[in-house]
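S.K.: One structure is given below, represented as structure tokens, and several questions about it will come after.
Number of protein chains: 6
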Amino acid sequence: MIVKVKEPQAEEIARIRPGRVIFTYFHFAADQALTEAMVESGAVAIAYETVTDRGGKLPLLTPMSEVAGRMSAQEGAKYLERPMQGRGILLGGVPGVEPASVLVLGGGVVGTNAAKIAAGLGARVVIMDVDGDRMRYLSDVMPANVHTVHSDAHSIRKYTAEADLVIGAVLIPGARCPVLVPRSYLAEMKPGAVIVDVGVDQGGCCETTRPTTHSDPIYVVDGVLHYGVTNMPGAVGRTSTFALTNATLPYVLRLANLGYRRAAAADPGLALGINIQEGRVTHPGVARAFGLKLETPRLAGA
Amino acid sequence: MIVKVKEPQAEEIARIRPGRVIFTYFHFAADQALTEAMVESGAVAIAYETVTDRGGKLPLLTPMSEVAGRMSAQEGAKYLERPMQGRGILLGGVPGVEPASVLVLGGGVVGTNAAKIAAGLGARVVIMDVDGDRMRYLSDVMPANVHTVHSDAHSIRKYTAEADLVIGAVLIPGARCPVLVPRSYLAEMKPGAVIVDVGVDQGGCCETTRPTTHSDPIYVVDGVLHYGVTNMPGAVGRTSTFALTNATLPYVLRLANLGYRRAAAADPGLALGINIQEGRVTHPGVARAFGLKLETPRLAGA
Amino acid sequence: MIVKVKEPQAEEIARIRPGRVIFTYFHFAADQALTEAMVESGAVAIAYETVTDRGGKLPLLTPMSEVAGRMSAQEGAKYLERPMQGRGILLGGVPGVEPASVLVLGGGVVGTNAAKIAAGLGARVVIMDVDGDRMRYLSDVMPANVHTVHSDAHSIRKYTAEADLVIGAVLIPGARCPVLVPRSYLAEMKPGAVIVDVGVDQGGCCETTRPTTHSDPIYVVDGVLHYGVTNMPGAVGRTSTFALTNATLPYVLRLANLGYRRAAAADPGLALGINIQEGRVTHPGVARAFGLKLETPRLAGA
Amino acid sequence: MIVKVKEPQAEEIARIRPGRVIFTYFHFAADQALTEAMVESGAVAIAYETVTDRGGKLPLLTPMSEVAGRMSAQEGAKYLERPMQGRGILLGGVPGVEPASVLVLGGGVVGTNAAKIAAGLGARVVIMDVDGDRMRYLSDVMPANVHTVHSDAHSIRKYTAEADLVIGAVLIPGARCPVLVPRSYLAEMKPGAVIVDVGVDQGGCCETTRPTTHSDPIYVVDGVLHYGVTNMPGAVGRTSTFALTNATLPYVLRLANLGYRRAAAADPGLALGINIQEGRVTHPGVARAFGLKLETPRLAGA
Amino acid sequence: MIVKVKEPQAEEIARIRPGRVIFTYFHFAADQALTEAMVESGAVAIAYETVTDRGGKLPLLTPMSEVAGRMSAQEGAKYLERPMQGRGILLGGVPGVEPASVLVLGGGVVGTNAAKIAAGLGARVVIMDVDGDRMRYLSDVMPANVHTVHSDAHSIRKYTAEADLVIGAVLIPGARCPVLVPRSYLAEMKPGAVIVDVGVDQGGCCETTRPTTHSDPIYVVDGVLHYGVTNMPGAVGRTSTFALTNATLPYVLRLANLGYRRAAAADPGLALGINIQEGRVTHPGVARAFGLKLETPRLAGA
Amino acid sequence: MIVKVKEPQAEEIARIRPGRVIFTYFHFAADQALTEAMVESGAVAIAYETVTDRGGKLPLLTPMSEVAGRMSAQEGAKYLERPMQGRGILLGGVPGVEPASVLVLGGGVVGTNAAKIAAGLGARVVIMDVDGDRMRYLSDVMPANVHTVHSDAHSIRKYTAEADLVIGAVLIPGARCPVLVPRSYLAEMKPGAVIVDVGVDQGGCCETTRPTTHSDPIYVVDGVLHYGVTNMPGAVGRTSTFALTNATLPYVLRLANLGYRRAAAADPGLALGINIQEGRVTHPGVARAFGLKLETPRLAGA
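Top line first, the protein sequences correspond to chains A, B, C, D, E and F. Going by numbering that gives the first Met the number 0, the first residue of the first sequence is number 0, and it counts up by one from there. Going by numbering that gives the first Met the number 0, the first residue of the second sequence is number 0, and it counts up by one from there. Going by numbering that gives the first Met the number 0, the first residue of the third sequence is number 0, and it counts up by one from there. Going by numbering that gives the first Met the number 0, the first residue of the fourth sequence is number 0, and it counts up by one from there. Going by numbering that gives the first Met the number 0, the first residue of the fifth sequence is number 0, and it counts up by one from there. Going by numbering that gives the first Met the number 0, the first residue of the sixth sequence is number 0, and it counts up by one from there.
Now the structure itself:
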């Protein structure tokens with residue numbers, strides 16, 4: 000069994016033997032070449048991003064969402080600086096000078112972590128979601144400078160116009176982010192305001208979001224800075240690696256101890272992680288993406 | 000010695016004998032009849048409101064400022080209700096609905112207590128002052144939903160227009176409040192917004208402030224509710240009495256044990272409390288108010 | 000489809016055409032005339048108060064409970080003032096003077112919000128419930144001046160006698176509130192103490208609770224003030240409307256997009272909202288209240 | 000120069016040469032033999048306990064007061080256990096069971112630290128003092144489960160009767176503690192309640208306080224446990240030593256670099272630390288205690 | 000029906016009549032004589048420790064876990080004192096002196112309560128668990144001086160070596176605690192560090208843990224103090240009794256009102272509490288422990 | 000009168016007329032050419048950096064210290080990222096992964112603000128100072144994840160070695176920073192750790208600190224990143240300008256209303272701001288720096 004963080008690179012794939020189990024992030028639907036190579040390899044590809052827990056959540060994506068959420072506020076603070084092309088304001092203000100206004104779109108893992116850090120930096124934070132129960136919980140546990148507001152087009156437009164920093168934190172597993180901030184809103188934003196769109200991998204929730212890299216992280220549209228780095232956790236690799244390993248280790252142990260067929264038979268959520276099994280495509284998302292035939296994974300005792 | 004809370008009433012004055020010490024609130028400068036009556040009585044009038052501590056503060060006014068400051072936020076919350084003629088909003092909002100914006104003008108005892116309670120009710124609070132060191136302290140100890148903003152005309156106008164509740168907390172010992180909110184600002188305020196002006200006894204810091212009573216506390220000017228009750232602490236008499244007694248008792252004990260001449264000789268701040276001494280006016284504010292001759296108080300050993 | 004907040008008024012009912020969907024609060028069981036009128040109208044009455052979410056909660060009642068809970072503490076603070084006939088104390092005390100004691104009966108949505116605001120005002124708060132897990136959660140997220148105490152007759156009596164303010168927050172969906180505070184306890188309470196009974200619509204949890212209005216909100220029994228306003232959220236209509244709309248909007252959209260029969264077929268909790276369907280009574284509570292025949296709602300595909 | 004923590008022991012004194020500087024705790028007034036021995040030795044005794052800073056505080060006593068204050072709450076928690084003869088309650092309670100009530104007498108360094116720890120343990124804490132400004136500060140910075148109450152005989156009696164733990168924290172530099180809790184109050188206390196009297200070295204603020212040791216720390220009077228260990232910080236020697244050294248080190252450096260005569264000439268507060276100088280008694284407290292002649296210390300340039 | 004706290008004593012068993020219901024802690028698996036006596040008695044033994052709620056938790060054990068968890072931190076603070084043989088440090092440090100480091104192994108009920116109190120005492124706390132979602136919740140609600148760290152052998156070893164206090168809080172219902180701290184780690188710990196192992200009844204999570212009593216609570220292994228009292232909540236009997244009664248009372252009422260057969264038929268979790276029924280062993284754990292025949296409990300209507 | 004932020008540029012100086020008052024930052028001691036030009040100009044140079052308030056503090060430097068202090072933590076967070084050459088860790092960690100350790104050297108304005116923001120980001124923070132009373136205050140008002148430690152060489156070395164981020168915040172008005180972190184300590188630091196030395200203008204408190212710019216902010220020495228930007232507040236110009244104006248405006252008004260000679264006569268702290276007066280050097284620091292003759296400023300009435 001091979002356990003990795005990133006998808007196998009070309010030279011690595013060449014050396015994979017049939018039947019070998021590869022446990023890592025694959026994101027097949029976005030990479031046809033990788034999909035075909037893994038099908039041909041005869042290996043078993045168990046993808047972190049589709050392993051599911053009992054509550055239907057994606058436990059091997061959550062740690063990366065936590066890292067990216069926390070980073071998003073600190074990136075926003077940095078790019079608001081004038082030499083970075085931002086508005087030239089300090090997120091937390093100082094005594095006598097009001098702090099920045101931060102709008103966090105989405106109250107899930109990414110948004111909660113973003114709001115917590117933005118609040119810790121001293122900003123005035125609004126976090127938006129459509130889930131009333133989530134709002135109630137956030138209202139119980141967030142610092143007093145975070146306010147929850149129900150997400151709808153009217154509110155998003157109003158708070159976007161007031162914000163110094165907008166953090167896009169709307170990630171829907173396996174789907175494109177809905178576009179909540181159309182380009183037309185940018186004209187109403189403050190010049191030099193910053194958008195950090197954490198969901199860039201899934202298209203982002205701003206119409207103007209596009210992918211960038213750590214070496215060239217920002218670009219400006221209509222006077223608004225956009226930060227669209229696709230692999231934010233990569234910048235804090237030590238933290239990310241620990242966080243990911245904490246989550247993957249229990250699976251690795253079970254895969255190693257039981258063999259993957261028995262481990263997956265005992266845990267349907269782990270079975271959902273098997274994307275490709277010895278030449279057969281076994282995950283609906285992958286099959287659908289490339290018009291391949293979907294087959295049922297063969298588990299122990301099945 | 001007679002210890003009271005309110006100034007002596009007409010029938011009481013008639014019975015005061017010369018040389019008797021009366022220790023209470025007098026507020027002579029606002030009441031010529033009382034001044035003349037006390038001069039004629041030959042009694043010694045030691046006024047709570049001019050007793051001073053070593054730091055130059057007024058320790059017998061502070062407890063009433065604390066009570067009034069805390070009450071002001073809860074009065075504001077009440078009069079924002081629609082049946083009270085207010086905007087019909089809940090100060091703290093609820094999860095998913097943004098809270099009210101509260102502007103507190105003045106970061107002294109009144110303002111600090113007002114901001115603390117408004118924050119406790121869940122509002123978004125801005126507190127303004129011109130004293131940078133006070134701002135720094137407030138920024139250290141206030142809840143995270145209180146932000147400090149330097150007070151100047153531009154900021155006051157901006158935040159007044161955004162506020163659902165404005166609390167006037169600018170009290171300058173022995174002077175009229177400066178007018179920080181001219182009537183012209185009211186037109187920019189939200190209809191049904193509320194102003195609670197704690198400094199009403201000293202004229203208030205809003206041009207449109209005028210005195211009201213607990214039985215008829217509010218009036219409307221240009222669509223904005225005004226709460227101008229002159230004796231706010233009177234509504235919570237049990238709390239106020241305890242608070243005042245805590246502060247006056249040490250003075251009472253010293254006056255009783257040493258006699259007022261020796262007590263005042265030993266404590267120059269207490270001596271400043273002697274407004275009228277056996278027919279002689281001994282406080283500059285009283286003398287100035289009515290064009291009377293100012294004399295030096297006669298203390299023990301002097 | 001007609002979306003409202005309050006039940007249809009007589010003149011409105013006259014104009015409702017058969018088959019029209021009315022989505023609002025109805026509270027049929029308390030209003031036989033309304034029930035009969037709606038049956039005759041041939042319309043479809045979907046009642047906010049019986050729509051249920053997956054967890055068995057009532058998502059269209061929750062926002063009103065939040066508003067009422069938060070208001071209850073601020074009403075209590077107001078009516079403790081002496082001119083309002085209360086004890087004349089300030090809920091939060093001041094430095095050197097102890098704060099009021101607040102007892103919140105019930106740790107659900109109403110009670111949690113009441114306790115949070117009472118604590119924010121600086122009071123010493125006890126919140127009672129019988130659900131241990133709820134206590135544990137409250138103990139994790141409440142401010143340090145809120146203490147949880149298991150609810151039983153002995154404790155209720157003891158803490159009622161010590162309290163300056165008692166908030167009744169025991170609402171059981173579709174049932175009368177249990178009487179936790181019999182009249183006999185009032186004799187042991189402090190004169191001028193205040194009871195705010197949020198569950199007054201369902202009879203309240205105090206024997207002496209009876210309904211009042213915003214224009215005449217209080218009455219006194221055995222020296223204790225009672226606040227029994229039946230529609231507390233009405234006083235803060237702006238906040239309440241936003242809060243309610245946040246919760247109803249997703250249902251409205253589905254009703255509009257799918258038609259009510261398909262929307263209800265897809266969401267059993269929404270189907271529970273259909274109280275009357277084109278002349279047929281389809282909710283057990285309504286049928287039972289007036290001895291009417293209960294029929295099954297006809298949904299799409301059923 | 001010799002720097003120590005405790006006063007010199009008999010065998011050490013014998014070896015002290017004239018003119019040698021000893022910098023340590025001496026507490027001469029309580030130990031005539033030590034006083035006489037040090038006079039005879041011809042050494043210079045600079046006592047930690049009388050060194051004063053610019054604000055008139057005793058900077059070399061403060062660290063020990065902090066340690067003792069923090070310890071006092073945790074000792075109280077321990078001795079409330081039943082096997083220790085206490086009431087058998089847990090200071091912080093648990094969800095559903097009310098916490099203990101703690102009364103802290105005195106809002107200075109000892110009391111503030113005691114209250115902070117008692118609050119951290121989850122208790123309901125009342126802290127009493129007569130200084131209004133100190134109350135205000137405590138009310139700004141203490142956790143929400145600490146309430147300030149003005150200290151007077153009526154309040155002390157009332158809160159003592161309700162308390163599970165009373166912490167005596169009334170230390171007046173160089174004077175006997177006033178007796179705030181007469182023996183008669185004990186009869187009204189709960190059986191098994193605990194008194195920790197930190198001021199035991201100065202007589203304690205409870206009539207029934209008497210000195211005990213770490214090996215036999217408690218005794219019972221009228222059903223109430225008393226903890227009167229005289230050298231509380233000694234139990235946490237590592238922490239105490241660091242705390243003390245942080246405070247003494249700057250003095251030690253100046254004494255070593257300048258010589259004690261020049262160091263004391265430059266810092267009148269350090270000069271106040273010189274209790275005995277080469278056979279002459281130079282501190283009024285020591286002279287008064289044993290009827291010795293008081294002389295002025297001889298400093299450099301004087 | 001007999002309701003108790005502790006298991007029946009020999010003389011009590013003799014008087015139990017057949018068919019009588021005994022509702023208390025039994026812990027049969029650890030006491031063969033008790034098991035046999037109860038089988039012979041013909042009584043019905045319903046054991047607190049195996050009653051289960053809907054979420055699969057043990058609601059009659061939880062209150063004791065809360066008490067023990069909270070106590071564990073305060074015991075640790077006490078035994079760190081030098082006269083108790085500890086390191087001689089104050090858990091919370093003082094200003095200028097760093098606080099103690101506390102490691103809590105396990106983030107369940109015991110660990111959460113332990114961490115909360117240790118943090119309240121001012122320590123620097125690390126709490127470890129393997130459940131990511133629990134970590135996230137703790138990170139939302141714990142004070143800022145508590146950090147969550149994923150539990151694995153490497154981390155445990157590292158943090159054990161740095162800790163002044165280790166609290167074992169790993170309790171797995173019905174199973175021996177896993178050994179997380181082997182004896183070899185002790186050599187790397189600081190001399191005088193303290194281990195409080197709350198899971199001692201189930202073997203503890205330290206290899207060197209062994210049971211002790213309130214009268215002789217500690218022993219030293221390899222320089223490290225061990226506190227292994229088996230019945231920690233017994234020391235705070237008043238608190239524990241209230242906590243337990245809060246949890247048992249609803250069951251007692253149902254047992255009394257319905258009879259145990261109907262009560263257990265209506266609540267499968269209560270049925271799991273029936274360990275022995277009129278001479279028949281009905282709980283698998285008891286049967287397995289002593290090789291007895293397991294029978295199905297006879298309930299009403301079954 | 001001319002009011003500026005930065006010192007006059009060459010072309011500006013040429014146009015300054017004799018007697019004109021220039022009120023801005025000058026920092027003469029570091030710029031002989033500027034000094035000579037201003038002497039020659041015959042103008043009056045009042046320098047922000049030497050204006051003093053009644054407490055001896057520098058009120059026109061404080062706002063910049065606040066901005067720089069808050070920025071320092073967010074810069075540190077940014078440069079810990081791997082693409083920035085840092086260790087690749089997230090300052091606040093995530094649930095299950097320990098946060099970074101931050102050491103703040105100095106507990107004044109800069110350090111307090113740095114510690115507050117680092118704590119808000121979720122780090123484990125140690126703040127060091129030698130002033131015990133400052134430590135006590137910080138311990139009262141800082142979040143629970145900030146611990147105070149007395150500053151001495153031993154502690155600095157220990158905590159530097161453990162730190163991921165060291166913030167130098169030791170600014171002594173008018174003096175070079177003491178070197179607290181010699182180069183030898185760097186070898187013991189973690190590779191990729193970051194030092195942000197706010198005192199770089201005064202030499203910094205690390206031996207290896209040297210000035211950098213916003214366009215090229217960092218350099219690496221012995222594996223440790225150094226951030227030495229000299230004008231940190233410049234990056235957040237909007238915030239800094241408001242903060243500075245809040246502080247300067249009252250002086251500007253007085254200078255304008257009274258004329259500088261009368262304003263300075265009335266406020267000795269403002270008089271200390273007069274560095275050069277119509278060709279005469281009137282500030283000792285400037286005179287000393289360049290061996291010029293020091294003259295007394297001529298004020299009104301003097």
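Glycine included, each C-beta is placed from N, C-alpha and C at the ideal position.
Note down, in chain order, every chain C residue with its Cβ under 8 angstroms from the Cβ of V148/D.
M.R.: In the fourth sequence, residue 148/D corresponds to position 149, counting from 1. Simply G95, V96 and E97.
S.K.: Classify D215/A as buried or exposed, calling it buried when 16 or more other Cβ atoms lie within 10 Å of its own Cβ.
M.R.: Looking up residue 215/A in the first sequence gives position 216. Looking at its Cβ environment, which holds fewer than 16 other Cβ atoms inside 10 Å, D215/A is exposed.
S.K.: Going by CA-CA distance only, name the one from V148/E, D196/E, L224/E and G131/E that's closest to A67/E.
M.R.: The residue given as residue 67/E occupies position 68 in the fifth sequence. Selected option, being the one with the closest Cα: D196/E.
S.K.: May I ask you to list, following chain order, the residues of the region 234–253 of chain D that have a beta carbon less than 9 angstroms from some beta carbon of chain F?
M.R.: F241, A242, T244, N245, A246, L248 and P249
S.K.: Using a C-beta to C-beta distance shorter than 9 angstroms, which residues of chain D count as neighbours of P58/E?
M.R.: As a working note, residue 58/E is residue 59 in the fifth sequence. Ordered by position in chain D, no residue passes the 9 angstroms Cβ test against P58/E, which lies about 12 angstroms from the chain.
S.K.: Tell me the rounded alpha-carbon separation between V228/A and P7/C.
M.R.: On the first sequence, residue 228/A is found 229 positions in, with the first residue counted as 1. On the third sequence, residue 7/C is found 8 positions in, with the first residue counted as 1. When rounded, the distance between both Cα atoms is 54 angstroms.
S.K.: Identify, in the order they occur along the chain, each residue of the same chain with its Cβ nearer than 7 angstroms to the Cβ of G85/C, setting aside the five sequence neighbours on each side.
M.R.: Residue 85/C sits at position 86 when you count from the first residue of the third sequence. Hits under 7 angstroms: Y78, L79, G191, V193 and L224.
S.K.: How far does the alpha helix (DSSP H) with A132/C in it extend, from its first residue to its last?
M.R.: Here residue 132/C corresponds to residue number 133 of the third sequence, with the count starting at 1. Just to set this straight, residue 132/C is Asp in the shown sequence, not Ala. G131 to V140 is the span of the alpha helix (DSSP H), which, as asked, contains D132/C.
S.K.: Do R19/D and A42/D count as a contact pair if the criterion is CB distance below 7 angstroms?
M.R.: By 1-based counting over the fourth sequence, the position of residue 42/D is 43. By 1-based counting over the fourth sequence, the position of residue 19/D is 20. Cβ atoms of A42/D and R19/D: closer than 7 angstroms.
S.K.: In angstroms with no decimal places, state the Cα-to-Cα distance between A152/D and G105/D.
M.R.: The sequence position of residue 152/D within the fourth sequence is 153, counting from 1. The sequence position of residue 105/D within the fourth sequence is 106, counting from 1. C-alpha separation (whole angstroms): 13 angstroms.
S.K.: So, for A288/F: in the same chain, excluding its five sequence neighbours on each side, which residues have a beta-carbon less than 6 angstroms away from its beta-carbon?
M.R.: To locate residue 288/F, count along the sixth sequence from 1; it is residue 289. A28, listed in sequence order.
S.K.: Could you confirm whether any beta carbon from chain A is found closer than 7 angstroms to the beta carbon of A263/B?
M.R.: Along the second sequence, one-based indexing puts residue 263/B at 264. Not an interface residue.
S.K.: I'd like the ranges of any alpha helix (DSSP H) spanning at least 4 consecutive residues and lying wholly in the region 45–76 of chain A.
M.R.: The region 45–76 of chain A is shown to contain no whole alpha helix (DSSP H) run of 4 or more residues.
S.K.: Pick from L252/C, G278/C, A117/C and I126/C: whose alpha carbon is nearest that of F22/C?
M.R.: Locating residue 22/C in the third sequence gives position 23, where the first residue counts as 1. Residue L252/C is the option with its Cα nearest to F22/C.
S.K.: Within 10 angstroms of its Cβ, does E97/A collect 16 or more other Cβ (buried), or is it exposed?
M.R.: By 1-based counting over the first sequence, the position of residue 97/A is 98. Buried, because 16 or more other Cβ atoms sit within 10 Å of the Cβ of E97/A.
S.K.: Do V169/D and C205/D have their CB atoms nearer than 7 angstroms?
M.R.: Here residue 169/D corresponds to residue number 170 of the fourth sequence, with the count starting at 1. Here residue 205/D corresponds to residue number 206 of the fourth sequence, with the count starting at 1. No, the Cβ-Cβ distance between V169/D and C205/D is not below 7 angstroms.
S.K.: T187/C to T240/B, Cα distance in whole Å?
M.R.: Position 188 of the third sequence, counting from 1, holds the residue named residue 187/C. Position 241 of the second sequence, counting from 1, holds the residue named residue 240/B. A small correction: the amino acid at residue 187/C is Glu; Thr does not occupy that position in the sequence shown. Near 24 angstroms, if we compare the C-alpha coordinates of T240/B and E187/C.
S.K.: Would you report the Cα separation of P17/A and S40/A, rounded to the nearest angstrom?
M.R.: Numbered from 1 along the first sequence, position 18 holds the residue referred to as residue 17/A. Numbered from 1 along the first sequence, position 41 holds the residue referred to as residue 40/A. Straight-line Cα distance between these residues: approximately 6 angstroms.
S.K.: Checking 7 angstroms against the spacing of the C-beta atoms, do S64/C and V108/C come in under that value?
M.R.: The residue given as residue 64/C occupies position 65 in the third sequence. The residue given as residue 108/C occupies position 109 in the third sequence. Yes, they are a contact pair.
S.K.: Pull up the distance between the alpha-carbon of A286/E and that of R279/E, whole angstroms please.
M.R.: Against the fifth sequence, residue 286/E aligns to sequence position 287. Against the fifth sequence, residue 279/E aligns to sequence position 280. Spanning the alpha carbons of A286/E and R279/E requires a straight line of approximately 10 angstroms.
S.K.: Closer than 9 angstroms by beta-carbon distance: list the chain I residues that pair up with T61/F, in chain order.
M.R.: Structure shown: chain I not included; protein chains present are A, B, C, D, E and F.
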